[in-house]
Structures are given as C-alpha cells and as structure tokens.
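Undergrad: Here it is, the structure, as structure tokens.
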Amino acid sequence: EGESAGQIRFLRASDLMDEGAYWETVLRCSKGMSLSRARRTFSIMGRAEDSSDDDLAAFFYPPMQAADIFRLKVDIAFGGMDQRKAHM
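If you're matching positions, the sequence shown starts at 10 in my numbering and goes up one per residue.
What follows is the structure in structure tokens.
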C-alpha cells in the first residue's frame with residue numbers, strides 16, 4: 010500500500026519485528042496452532058519433521074508467517090505451495 014492508489018510501499022521484516030504488536034500477533038497465532046501442525050510445515054524450511062527436537066527456533070517460523078499476513082493487513086496472501094500450511 011502506497012501513499013496513493015497505484016503505488017507500492019516496500020517493508021523490511023525488521024520494520025515489523027521491531028514493533029511489540031508484531032510479537033503479540035505471533036503469540037496469538039501460536040496459540041491457535043498445535044505442535045503437530047507446526048511440525049508439518051517444516052518441509053517449507055527443507056527440514057524433516059523430526060528435526061525439530063534439535064532447534065526450538067524452528068517452531069517460530071510458522072506463526073511468524075501467519076502473523077505477517079495479519080500485520081501487513083493483506084487481503085490475499087500469495088505464497089508458494091510450500092507455504093500453504095502456514096497460511097492456513
């Protein structure tokens with residue numbers, strides 16, 4: 010969304026992550042997501058589902074993807090087939 014119709018504004022991920030509201034949204038998305046659902050999204054990162062036992066940070070990726078949709082206030086989330094589970 011730009012200043013007027015037809016303009017585009019680009020945001021860096023850090024622009025969102027520096028806001029406390031972003032992390033609140035990540036936590037809200039996490040509350041609605043089971044561990045098994047989060048594990049099924051690991052193929053997005055090129056990891057096996059059982060690799061999560063080594064790295065807790067891998068569990069943050071799916072709710073962060075979902076939070077991006079809310080914080081950016083997009084009407085339609087466009088992503089690859091590998092992101093469909095995180096978007097749902």
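Backbone N, C-alpha and C fix where the C-beta goes; we use that ideal spot for every residue, glycine too.
Grab me the residues of P72's own chain with a C-beta within less than 7 Å of its C-beta, minus the 5 sequence neighbours each way, in chain order.
TA: Excluding positions up to five away in sequence, the list reads V35, C38, S39 and M42.
Undergrad: Between R48 and A30, what straight-line distance do the alpha-carbon atoms span, to the nearest angstrom?
TA: Roughly 25 Å separates the two Cα atoms.
Undergrad: Among S45, Y70 and L65, which has the Cα closest to the Cα of A22?
TA: The option with the nearest alpha carbon to A22 is Y70.
Undergrad: Out of Q92, L65 and F51, which one is the CA nearest neighbour of D77?
TA: Checked all of Q92, L65 and F51; the closest Cα to D77 is Q92.
Undergrad: Does F19 pass the burial test, meaning 16 or more other C-beta atoms within 10 Å, or should it be called exposed?
TA: Classification of F19: exposed, given that the 10 Å Cβ count is below 16.
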